[in-house]
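Reminder that position 16 of the sequence shown reads as 16 in our numbering, one-by-one numbering, no gaps.
Built from N, CA and C at the ideal position, the CB exists for glycine as well.
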Amino acid sequence: MTIRYLKKHAALEGHVGVDDAEALGQWLRNQNAPAVHLGKCEQVHSAVLQVLLALNPRISAPPADPWLAAALQQSGDLHASQAPA
């Protein structure tokens with residue numbers, strides 16, 4: 001299993017494939033304060049990345065991959081700048 005759903009966050013580990021995208025999206029939508037731990041995540045399918053970008057959960061541990069970390073950081077910055085004042 002590449003995603004472990006815990007009480008406070010979803011832990012994405014190793015290579016997270018397309019089959020995990022829908023379940024991750026459902027889980028994130030059902031959380032009061034959605035968060036993901038990406039510290040052990042090596043690679044995500046583009047569908048999983050789209051879920052993360054669209055739902056913008058809190059990142060409790062960033063991924064080691066610099067490109068993925070930057071993409072998620074930019075998305076978080078964009079969401080913050082679009083928040084109502």
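| query | result |
| --- | --- |
| What span of residues does the beta strand (DSSP E) with Val-44 cover, start to end? | 35–44 |
| Could you tell me whether the Cβ atoms of Asp-65 and Glu-42 are closer together than 9 Å? | yes |
| Suppose the cutoff is 7 Å on Cβ atoms and the five residues either side in sequence are ignored; what does the same chain contact list for His-15 look like? | Thr-2, Glu-42 and Gln-43 |
| Are Ala-21 and His-37 close, meaning C-beta to C-beta below 9 Å? | no |
| Assign Gln-74 to one of two classes, buried (16 or more other C-beta atoms within 10 Å of its C-beta) or exposed (fewer than that). | exposed |
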